[in-house]
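For reference, the structure discussed in these notes is given below.
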Amino acid sequence: MSIEPGILYVVATPIGNLGDIAPRALEILGAVDVVAAEDTRRTGALLSHFGISARQVSLHEHNEPRQVPGLIERLRAGGTVALVSDAGTPLISDPGYRLVVAAREAGIRVSPVPGPVAAIAALSISGLPSDRFVFEGFLPAKASARRQRLQALAEDPRTLIFYESSHRIADCLADMRETLGADRRAVVARELTKTFEQIRGGSLDELCNWLAENEDHRKGEFVVLTAGAPEPTGEGVTPEAERILGLLLAELPVKKAAKLAAEITGLGKNQLYARAVGLKSGE
1 MSIEPGILYV VATPIGNLGD IAPRALEILG AVDVVAAEDT RRTGALLSHF GISARQVSLH
61 EHNEPRQVPG LIERLRAGGT VALVSDAGTP LISDPGYRLV VAAREAGIRV SPVPGPVAAI
121 AALSISGLPS DRFVFEGFLP AKASARRQRL QALAEDPRTL IFYESSHRIA DCLADMRETL
181 GADRRAVVAR ELTKTFEQIR GGSLDELCNW LAENEDHRKG EFVVLTAGAP EPTGEGVTPE
241 AERILGLLLA ELPVKKAAKL AAEITGLGKN QLYARAVGLK SGE
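Okay, here's the thing in structure tokens:
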């Protein structure tokens, strides 16, 4: 294959099943001067499987600032570079952002070679609304920061998509149940396109119980998707805001409960006050 000089190719690779690699991706990987890989051992195994001999350089989150200038100089001199991550599309919770930005700022052409993305693959089979969604990548590792981030997303009406590791998946789901609500619809996609692929849907409470049932359910790589927040009720007060209001009303007068609920949820104090009056009267 003949390729144009001075181009940075962003090449997607399989997330599990090697048969998912695109023919064009194989052609590009076999034709470029160098492959910038997140893990040269893993990429080396992929290239070897397809009979490709290519020079590799390591490009990961710890050495990216150091490696970028040399790759940019190579591209300026007319060389060709393929950027790959360990699996899926580079930059989607993977290294490569600095290289792409530097290339674009230098006037170097950056060309995508599309392919698998775990988040989109999971969304396509989740059964959750796919017209509007937000990809959050990995949640914070620390429990307090993770819960804080989830709380900030609790009222988002879009489908939420997360990545998670095997050693945090149980804690992640438990925190989702606590902050988003036990009845929130969700899907856990485990080991997508691999031998032990599992897709499990249900409420967050049901999924937490499913994870606890079997140690194997907590192994592998995960995509977690949750439905967005329910649409506001007729009064414009969301179910979550109403829940908070109910808790406050158990301890505070109506006016103070509505004021504090407005500060917590960001909703209008007047509408919360009106709903608080309704709750107090049993409506």
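With this note's numbering applied, the sequence shown has no gaps in its numbers, which climb one by one up to 283 at the end. For each residue, glycine too, the CB sits at the ideal point set by N, CA and C.
Residues sharing a beta bridge with V254, DSSP: Counting from 1 along the sequence shown, the entry for residue 254 is found at position 254. Beta-bridge pairing links V254 to no other residue.
Inter-residue spacing [alpha-carbon to alpha-carbon] between E61 and R98: Numbered from 1 along the sequence shown, position 61 holds the residue referred to as residue 61. Numbered from 1 along the sequence shown, position 98 holds the residue referred to as residue 98. Spanning the two alpha carbons is a distance of roughly 10 Å.
May I have the straight-line CA-CA distance separating A258 from Y273, to the nearest angstrom? Locating residue 258 in the sequence shown gives position 258, where the first residue counts as 1. Locating residue 273 in the sequence shown gives position 273, where the first residue counts as 1. So the alpha carbons of these two residues sit roughly 5 Å apart.
Segments of 4+ residues assigned as alpha helix (DSSP H) that fall wholly inside the region 183-230: 204-213
How is the alpha helix (DSSP H) around L8 delimited, first residue to last? Reading the sequence shown from its first residue, position 8 is the one you call residue 8. Counting along the chain, L8 falls outside any alpha helix (DSSP H), though it belongs to the beta strand (DSSP E) covering 7-11.
Would you kindly work out how many angstroms separate the C-alpha atoms of F138 and A189, rounded to a whole number? Here residue 138 is taken as the residue at index 138 of the sequence shown, counted from 1. Here residue 189 is taken as the residue at index 189 of the sequence shown, counted from 1. When rounded, the distance between both Cα atoms is 14 Å.
Where are the beta strand (DSSP E) runs, 3 residues long or more, that stay fully inside the region 49-110, in chain order? 56-58, 81-84
Could you check whether L252 and R275 sit closer than 8 Å to each other, using their CB atoms as the reference points? Position 275 of the sequence shown, counting from 1, holds the residue named residue 275. Position 252 of the sequence shown, counting from 1, holds the residue named residue 252. No, they are not a contact pair.
Relative to the alpha-carbon of E38, which residue among N214, L83, L26, I21 has its alpha-carbon at the smallest distance? Counting from 1 along the sequence shown, the entry for residue 38 is found at position 38. Looking at the Cα atoms, L83 is the closest of the given residues.
Determine the DSSP secondary structure at G234, reduced to helix, strand or coil. As a first step, residue 234 must be located in the sequence shown, where it is residue number 234. Any reading at G234 must be qualified, since the residue scores a pLDDT of 45, below 50, and its modelled position is unreliable; the value itself is stated next. Looking at G234 - three-state DSSP - the assignment turns out to be coil, as it is neither helix nor strand.
Could you please give the first and the last residue of the uninterrupted alpha helix (DSSP H) stretch that includes I3? In the sequence shown, residue 3 corresponds to position 3, counting from 1. No alpha helix (DSSP H) holds I3; DSSP gives it neither H nor E.
Segment limits, alpha helix (DSSP H) that includes I120: The residue you call residue 120 lines up with position 120 of the sequence shown. First-last of the alpha helix (DSSP H) with I120: 118-126.
May I ask which residues mark the beginning and end of the beta strand (DSSP E) holding I161? On the sequence shown, position 161 is the one that residue 161 refers to. Where I161 is concerned, the enclosing beta strand (DSSP E) stretches over 159-164.
If you measure between the beta carbons of A87 and P14, is that distance less than 8 Å? Here residue 87 is taken as the residue at index 87 of the sequence shown, counted from 1. Here residue 14 is taken as the residue at index 14 of the sequence shown, counted from 1. Contact: yes.
Less than 8 Å between the CB atoms is what I'm expecting for I92 and A119, so what's the real figure, rounded? Here residue 92 is taken as the residue at index 92 of the sequence shown, counted from 1. Here residue 119 is taken as the residue at index 119 of the sequence shown, counted from 1. Their Cβ separation, rounded to whole angstroms, is 7 Å, which keeps I92 and A119 in contact under 8 Å.
Buried versus exposed, by CB contacts within 10 Å (16 or more), G266: As a first step, residue 266 is located in the sequence shown; it is residue number 266 there, counting from the start. Its Cβ having fewer than 16 others within 10 Å, G266 is exposed.
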